[in-house]
Amino acid sequence: MSDTAASSPARSDFIRDMIAADLADGRNDGWVITRFPPEPNGYLHIGHAKSICLNFGLAQEHAPRSRCHLRFDDTNPAKEDTEYVDSIMEDVRWLGFDWGEHLFYASDYFDKLYEFAEQLIQKGLAYVDDLTAEQLREYRGTLTEPGKNSPHRDRGIEENLDLFRRMKTGEFADGAKILRAKIDMAHPNMNMRDPALYRILRAHHHRTGDKWCIYPMYDYAHPLSDALESITHSLCTLEFEDHRPLYEWLINNVDGLPGRPYQREFARLNLTYTVMSKRKLLRLVKEGHVAGWDDPRMSTISGFRRRGYTPAAIRDFCKTIGLTKFKSTTDVALLEHAIREDLNKNALRAYAVLRPIKVVIENYPEGRVEHVEAPNNPEDESAGKRQVPLCRELHIEQDDFMENPVAGFHRLVPGGEVRLKFAFCIICKEVVKDAAGNITELRCTYDDATRHGKKPEGRPKPKGIIHWVSAQHAFEAEVRLYDRLFVNEDPEAGDADFISNLNPHSLEVLTNAKLEPSLKDAKPGAHYQFERVGYFFTDPKDSQPGTPVFNRTVGLKDSWAKEVAKTK
Ligand code: ATP
Ligand code: MG
Numbered sequence: 008m009s010d011t012a013a014s015s016p017a018r019s020d021f022i023r024d025m026i027a028a029d030l031a032d033g034r035n036d037g038w039v040i041t042r043f044p045p046e047p048n049g050y051l052h053i054g055h056a057k058s059i060c061l062n063f064g065l066a067q068e069h070a071p072r073s074r075c076h077l078r079f080d081d082t083n084p085a086k087e088d089t090e091y092v093d094s095i096m097e098d099v100r101w102l103g104f105d106w107g108e109h110l111f112y113a114s115d116y117f118d119k120l121y122e123f124a125e126q127l128i129q130k131g132l133a134y135v136d137d138l139t140a141e142q143l144r145e146y147r148g149t150l151t152e153p154g155k156n157s158p159h160r161d162r163g164i165e166e167n168l169d170l171f172r173r174m175k176t177g178e179f180a181d182g183a184k185i186l187r188a189k190i191d192m193a194h195p196n197m198n199m200r201d202p203a204l205y206r207i208l209r210a211h212h213h214r215t216g217d218k219w220c221i222y223p224m225y226d227y228a229h230p231l232s233d234a235l236e237s238i239t240h241s242l243c244t245l246e247f248e249d250h251r252p253l254y255e256w257l258i259n260n261v262d263g264l265p266g267r268p269y270q271r272e273f274a275r276l277n278l279t280y281t282v283m284s285k286r287k288l289l290r291l292v293k294e295g296h297v298a299g300w301d302d303p304r305m306s307t308i309s310g311f312r313r314r315g316y317t318p319a320a321i322r323d324f325c326k327t328i329g330l331t332k333f334k335s336t337t338d339v340a341l342l343e344h345a346i347r348e349d350l351n352k353n354a355l356r357a358y359a360v361l362r363p364i365k366v367v368i369e370n371y372p373e374g375r376v377e378h379v380e381a382p383n384n385p386e387d388e389s390a391g392k393r394q395v396p397l398c399r400e401l402h403i404e405q406d407d408f409m410e411n412p413v414a415g416f417h418r419l420v421p422g423g424e425v426r427l428k429f430a431f432c433i434i435c436k437e438v439v440k441d442a443a444g445n446i447t448e449l450r451c452t453y454d455d456a457t458r459h460g461k462k463p464e465g466r467p468k469p470k471g472i473i474h475w476v477s478a479q480h481a482f483e484a485e486v487r488l489y490d491r492l493f494v495n496e497d498p499e500a501g502d503a504d505f506i507s508n509l510n511p512h513s514l515e516v517l518t519n520a521k522l523e524p525s526l527k528d529a530k531p532g533a534h535y536q537f538e539r540v541g542y543f544f545t546d547p548k549d550s551q552p553g554t555p556v557f558n559r560t561v562g563l564k565d566s567w568a569k570e571v572a573k574t575k
């Protein structure tokens, strides 16, 4: 599980083709400078990973005449916080990317942005408006009707400058005035109908404190920040396509910009069974539907990390989905496939019985302990082998036994025979039950001649192979089975409130899982495949030395379906 981003070439796509064409034209002196511009108003989610892999990936592909900036778009102080800034940096680094010295904040440019606004006023391209929010909406028109000019639109330059300066010094109440670009109230693109550039807002900013009571709008700050950083390619998601004319207008009308960036759009990542907006994720946290931003059921990068996803798997996933220009929803199974591929190659194997049922091997001597050898990773010989203890009493999965088997069930049944993986075959002789009729143990016998995979003599070869844990040596640990957070592929189908589609069984906590003794030393952050059960991750927060807690990352492919398929 490599922690640094591989530089294996990405598939070509329309963005990469466009950049290649720009380079061929000799644009930007052959430089490719991108940026990842999160607003620090929440934790990053898997959709952001797509943007991170694209922007930082392009910089890697075009080295050495390239770089990718991390810029916090912190123009909305009411919702932003340093906790989010810190988590975003941690997540980008965890994904394997590094911005080096190119860490920026839009708030670093507040003075410059203010100067540019005065410049636009001086040019007659911006004015202060006193309309109320409601009037602004009314004057804006609709998609089918042009807007109307505000009565304040033709204020003189001096008056506008004076009012804007007084907005800055705090003379007016929040929302009492705004600075607007003077473009065209009849423009077919609503974003060009004299959009707001600055608003009055008394809010403490996580970096500039109380210095400002006016804040630039995102659509104003973003292009100018790009230009100030000499970004060459400003890549964003499709919903900004309609904002591109305003982006261009600002770049073309503000003098003194060091760079000439171009905005290009690609489709955002949507995933089935997933909500993916910081606002919605914040609601899940605030309302207590999950245990926090890094709850392993969350679509946040920190959630995936805690669930046991690896940076390599997420990067591979982003490479697989590629870039398109049309809206689509990706099947979450593709992401699950990516982590299985990685963990299949790299996770250590171990035995764990999640829902135990006791097996007593009657003809196995009491007190005897032997060790069977099991590979730590059949996909990687260098991972070595380990000795797994075996004795007379074992635990197997309840699921691996059926008293009244359905057709096609090839594991243990009364009178039937099954192989204990890496050991020998056992036959079930008796099913012991308590007064309430619950099965308490299975009495079995073993056949010593079936070790090392040898077929039983004179009996059919058992079709099933099951895992087990020695009762005497097992230890109990908490195992958390995470499932999808939503029951619906589209949690918001038909305008449903996504909360109404939460999966009530998205977390099941097992407290008496029986684990093989080697797992007692599992290091927080270690990945395992519990054989035949799934991939598990040693929870980095809640595990203590000697008492690990395991999170299910993802199940194995349905072995039951596979078994049925094999017998057909
Ligand atoms: P959210 O609605 O989740 O807050 P956002 O787009 O407002 O998303 P930003 O912090 O502004 O979040 O995003 C930073 C960058 O990540 C932007 O360039 C944005 O286009 C990109 N991004 C956000 N969501 C996705 C997504 N689902 N797929 C791809 N890129 C995304
Ligand atoms: Mg946002």
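Each residue of the sequence shown is one higher than the last, beginning at 8 in our numbering. Every residue, glycine too, gets a C-beta built ideally from N, C-alpha and C. Given the structure is predicted, the values throughout are model-derived calculations rather than measurements.
If you follow the beta strand (DSSP E) that Gly-64 is in, where does it begin and where does it stop? Secondary structure note for Gly-64: it is in no beta strand (DSSP E), and the uninterrupted alpha helix (DSSP H) holding it is 53-68.
Rounding to the nearest angstrom, what Cα-Cα distance links Asp-181 and Glu-166 in this structure? 20 Å
Should Arg-375 go down as buried or exposed, given a rule of 16 or more other Cβ atoms within 10 Å for buried? Around the beta carbon of Arg-375, a 10 Å sphere encloses fewer than 16 other beta carbons of the protein chains shown; the residue is thus reported as exposed.
Excluding the 5 residues preceding and the 5 following Leu-522 in the sequence, name in chain order all residues of the same chain whose CB lies nearer than 7 Å to its CB. If the five residues before and after Leu-522 are omitted, its C-beta is found closer than 7 Å to the C-beta atoms of Ala-359, Val-476, Ala-481, Phe-482, Ala-484, all from its own chain and listed in chain order.
Return the CA-CA distance between Tyr-453 and Glu-294, expressed in angstroms with no decimal places. 54 Å
Would you check if the distance between the CB atom of Met-174 and the CB atom of Val-135 is smaller than 8 Å? The beta carbons of Met-174 and Val-135 sit closer together than 8 Å.
I'd like to confirm the pairing. Which residues does DSSP put opposite Phe-431 in its beta bridges? According to DSSP, Phe-431 bridges with nothing at all.
Report, in whole angstroms, the separation of the C-beta atoms of Val-261 and Phe-123, which I expect to be a contact under 8 Å. 5 Å
Identify which residue in Phe-408, Phe-429, Ala-430 has its Cα closest to the Cα of Pro-421. Nearest of Phe-408, Phe-429, Ala-430 to Pro-421, Cα basis: Phe-408.
Please go through the same chain and pick out, in chain order, the residues whose beta-carbon is closer than 8 Å to the beta-carbon of Thr-244, but skip the five residues on each side of it. Ser-58, Glu-272, Phe-273, Ala-274, Arg-275
Nearest neighbour of Gly-315, chosen from Leu-289, Asn-353, Lys-285 [CA to CA]: Considering only alpha carbons, the answer is Asn-353.
Span separating the alpha-carbon of Gly-541 from that of Gly-562: Each residue's alpha carbon lies about 4 Å from the other.
If you measure from the CB of Asp-497, is any heavy atom of the ligand ATP nearer than 7 Å? no
Distance, Cα to Cα, Tyr-116 vs Arg-74? 20 Å
What does DSSP give as the partner residue(s) for Asn-558 in the beta ladder? For Asn-558, which the question treats as bridged, DSSP gives the partners Arg-487, Phe-544.
Answer with buried or exposed for Gly-501, where buried requires no fewer than 16 other C-beta atoms within 10 angstroms of its C-beta. exposed
Residue span of the beta strand (DSSP E) that contains Gln-536, given as start and end: 534-537
When we look at the beta-carbon of Lys-285 and count the other beta-carbons within 10 Å, is it buried (16 or more) or exposed? Flag for Lys-285 reads buried.
Under 6 Å Cβ to Cβ from Arg-491, same chain only, skipping five residues before and after it: list those, please. Tyr-280, Asn-510
With 16 as the cutoff for other CB atoms within 10 Å, does Val-516 come out buried or exposed? exposed
Indicate whether Arg-214 and Tyr-112 have their beta-carbon atoms separated by less than 8 Å. Contact flag set, yes.
What's the C-alpha gap between Asn-445 and Asn-48? 52 Å
Under the three-state reduction of DSSP, which class applies to Ile-238: helix, strand or coil? coil
Quick check on the DSSP output: what are the complete beta strand (DSSP E) runs of length 3 or more inside the stretch 70-106, in order along the chain? 73-79
Suppose you measure from the CA of Pro-385 to the CA of Val-425; what does that come to, to the nearest Å? 22 Å
Tell me whether the beta-carbon of Glu-87 lies closer than 8 Å to the beta-carbon of Asp-81. Their beta carbons are under 8 Å apart, which means Glu-87 touches Asp-81 by this criterion.
Check the DSSP bridge columns for His-459 and list the partner residues they point to. Note: His-459 sits in no beta bridge, so no partner.
Tell me the start and end of each unbroken beta strand (DSSP E) in the stretch 129-153 that is at least 3 residues and wholly inside, in chain order. Within the stretch 129-153, the complete beta strand (DSSP E) runs of at least 3 residues are 133-136.
Beta carbon of Glu-515: closer than 7 Å to some heavy atom of the ligand ATP? No, the beta carbon of Glu-515 sits no closer than 7 Å to any heavy atom of the ligand ATP.
Any heavy atom of the ligand ATP closer than 7 Å to the Cβ of Gly-54? yes
Classify Phe-333 as buried or exposed, calling it buried when 16 or more other Cβ atoms lie within 10 Å of its own Cβ. exposed
Among the candidates Thr-89, Ser-19, Glu-236, whose CA atom is the shortest distance from the CA of Glu-4? A query on residue 4 cannot be resolved here, the shown segment of the chain reaching from 8 to 575 and no further.
Residues near Ala-56 by beta carbon distance below 7 Å, same chain, minus five either side: Excluding sequence positions up to five before and after Ala-56, its CB lies within less than 7 Å of the CB of Leu-102, Ile-308, Ile-321, Cys-325, all in the same chain and listed in chain order.
Less than 7 Å separating the Cβ of Asp-226 from some heavy atom of the ligand ATP? No, the beta carbon of Asp-226 sits no closer than 7 Å to any heavy atom of the ligand ATP.
Beta-carbon proximity list for Pro-498, same chain, < 6 Å, skipping 5 on both sides: Val-282, Phe-505, Asn-508
In whole angstroms, what separates the C-alpha of Met-199 from that of Ala-503? 33 Å
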